[in-house]
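Undergrad:
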Amino acid sequence: MGRSTIGKSYLPIVQNADNFPYDRNLQDVYYQLLLAGDPAPHGYLRPETVARMPWTSSFRVSHEHPRTVTVLDSSGGADTAAAFTTAFQELVDICIAQDTFRLIARTHSEPFAILSYPSTSSSSSSRPEAEAGAGTATRTGAGAGAGAGAGVGRRAATATVTMERFAAPLFGIVLQGAHMIAYVRSRATEDDSGVISGLWIPRRAKHLFSSPGMLDATVAGGIAAGTTALETIIKEAGEEAALPPELVRTRVRSTGLLSYLSSTDAIHGWPGEQGLLCPGLVYTYEIELPADVVPRPHDGEVGSYGLMSVGDVQAALLNNEFKPDAAVVVVDFLIRHGVITADNERAFVEISERTHRRLPFRVAGG
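Set out below in structure tokens:
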């Protein structure tokens, strides 16, 4: 089904997404983002970001090691989540008005939940696991998706702290997304399970801020606050690929959860600020499409769709033609379907470890 890749490894492709060094202590490089009343970090900011940010009275900055930026609770405990959200929004509004950061590009974006909230004092989860930086965190993996919020108490169900998506990397908070790979099978008969004969792969529109013109997962999108991964897939499938919601809902299959930790200074062609921390959680899905269903660009984010053979997809991966996070999703798909195995990939174990990285945050839900 696949193409011979003897002597070649997919590890560098995974490292493009999971590119933050494992031996670096985050507190040596970044300021911790704290929410008042919680000693565990919810994000990490570059010193350059801290210096340029037009801080308001809702924030307290400490330059003493360990360096911190603390969001204050202006409500006095009456509505802590709303106070934090308002503080972030007022700050982002100023950044947009003043055109402070290239990353935001003077543009508002959808709200994303800060997954590490609520604090341990208001949930039944265990002790904070991110106090020491990169070495301690919540483990994420293929089985973590459904149960990630099982230990969260009542406050998590009723209160959410949000931040606009474009601004999130400036604060180094965890972002979550959902990716889906659509594929087709060739069958000799109706009863034949067949083999995967092609993957529907889009090429990103050339006007996009990140990775313009690169290959991507069939459908992908960030999970906005108040929505689920599945809802995101169904919505994005209609918007990006013109796939009917009912078709996706009945055929899509949840396949796991990936995690990685990247820094923007290692992303080729990144037009925004350098050195920003980008922790990511990616819920993965796949869908087998009938031969007569053809994804087509719909909302302007995709330039074109092509049905690529497995071998051509492998070649494109090894040629770094995919957007970094999408490349990890495609590698995961090829592992799941037996194209990449421990027999033909010498870095198989490390690839598995790096696509399920321990993140330097408590993840309260998602």
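Per our numbering, the sequence shown runs over residues 1 to 366. Note that the Cβ used here is the ideal one computed from N, Cα and C, for glycine as well.
What's the C-alpha gap between residue 332 and residue 183?
TA: The straight-line gap from Cα to Cα measures roughly 14 Å.
Undergrad: Determine the DSSP secondary structure at residue 201, reduced to helix, strand or coil.
TA: In the structure shown, residue 201 sits in a strand (DSSP, three-state: E or B).
Undergrad: Just confirm the distance between the C-beta atoms of residue 69 and residue 117, as a whole number of angstroms; I'd bet it's less than 8 Å.
TA: Not confirmed; about 15 Å, so no contact.
Undergrad: So, with DSSP's three-state summary, where would you put residue 21?
TA: Three-state result, residue 21: coil.
Undergrad: Is it buried or exposed, residue 236, if we count other Cβ atoms within 10 angstroms and call 16 or more buried?
TA: Burial call: buried.
Undergrad: Do you know whose CA, among 311, 223, 62, lies nearest residue 176's CA?
TA: Checked all of 311, 223, 62; the closest Cα to residue 176 is 223.
Undergrad: Residue 308 bridges to which residues according to DSSP?
TA: The partner list for residue 308 (beta bridge, DSSP) reads 199.
Undergrad: Look up residue 356 in the DSSP assignment and give the residues it is bridged to.
TA: DSSP, once it has assigned bridges, lists 259 as partnering residue 356.
Undergrad: Which word fits residue 200, buried or exposed, when buried means at least 16 other C-beta atoms lie within 10 angstroms of its C-beta?
TA: With 16 or more other Cβ atoms within 10 Å, it is buried.
Undergrad: What are the partner residues of residue 65, as DSSP defines its beta bridges?
TA: None; residue 65 has no bridge partner.
Undergrad: To the nearest angstrom, report how far apart residue 286 and residue 61 are at their CA atoms.
TA: Approximately 44 Å, taken between the alpha carbons.
Undergrad: Taking C-alpha atoms, which residue in 253, 101, 43, 344 lies nearest to residue 229?
TA: When only C-alpha atoms are compared, the closest one is 253.
Undergrad: Given a cut-off of 7 Å on the beta-carbon distance, is the pair residue 360 and residue 16 in contact?
TA: Not in contact: residue 360 and residue 16 (Cβ atoms no closer than 7 Å).
Undergrad: Buried or exposed for residue 32, going by 16 or more other Cβ atoms inside 10 Å?
TA: That one is buried.
Undergrad: Could you tell me the alpha carbon to alpha carbon distance between residue 142 and residue 194, rounded to whole angstroms?
TA: No answer about residue 142 holds up, because its pLDDT of 37 lies below 50 and its placement is not dependable.
Undergrad: Buried or exposed, going by whether 16 or more other CB atoms sit within 10 Å of the CB of residue 259?
TA: Its Cβ being crowded by 16 or more others within 10 Å, residue 259 is buried.
Undergrad: Does the segment 277-285 come close enough to the segment 240-257 to have 3 or more Cβ pairs within less than 8 Å?
TA: Segments in contact, yes.
Undergrad: Who are the near neighbours of residue 234 in its chain, counting only those whose CB is closer than 8 Å to its CB and skipping five residues on each side?
TA: The answer, listed in chain order, is 245, 248, 249, 252.
Undergrad: Would you say the segment 332-344 touches the segment 17-27, given that touching needs at least three Cβ pairs under 8 Å?
TA: No contact exists between the segment 332-344 and the segment 17-27.
Undergrad: Less than 8 Å between the CB atoms is what I'm expecting for residue 114 and residue 63, so what's the real figure, rounded?
TA: With 8 Å as the limit, residue 114 and residue 63 do not qualify as a contact, their Cβ atoms being about 23 Å apart.
Undergrad: Pull the bridge partners of residue 177 from the DSSP assignment, please.
TA: In the DSSP output, where bridge partners are listed per residue, residue 177 has 222, 282.
Undergrad: Just checking my contact of residue 302 with residue 240 at CB under 8 Å: how many whole Å lie between their CB atoms?
TA: Yes, they are in contact, since the Cβ atoms of residue 302 and residue 240 sit about 6 Å apart, within 8 Å.
Undergrad: Give every residue of the same chain whose Cβ lies closer than 8 Å to the Cβ of residue 316, excluding the five residues on either side of it in the sequence, and list them in chain order.
TA: So the list reads 201, 215, 308, 322, once near-sequence residues are dropped.
Undergrad: Do you know how far the Cα of residue 49 is from the Cα of residue 172?
TA: Residue 172 and residue 49: Cα-Cα distance of roughly 11 Å.
Undergrad: Any idea what DSSP makes of residue 32, helix, strand or coil?
TA: Reduced to three states, the DSSP call for residue 32 is strand.
Undergrad: Assign residue 341 to buried or exposed, taking buried as 16 or more other Cβ atoms, counted over all protein chains shown, within 10 Å of its Cβ.
TA: Residue 341 is exposed by the Cβ-count criterion.
Undergrad: Assign residue 113 to one of three DSSP states: helix, strand, or coil.
TA: Here residue 113 sits in strand by DSSP.
Undergrad: Out of 363, 354, 362, 358, which has the shortest C-alpha to C-alpha gap to residue 13?
TA: Ranking the options by Cα distance to residue 13, first place goes to 354.
Undergrad: Have a look at residue 179 and residue 328 and give me their C-alpha separation to the nearest angstrom.
TA: One C-alpha to the other measures close to 10 Å.
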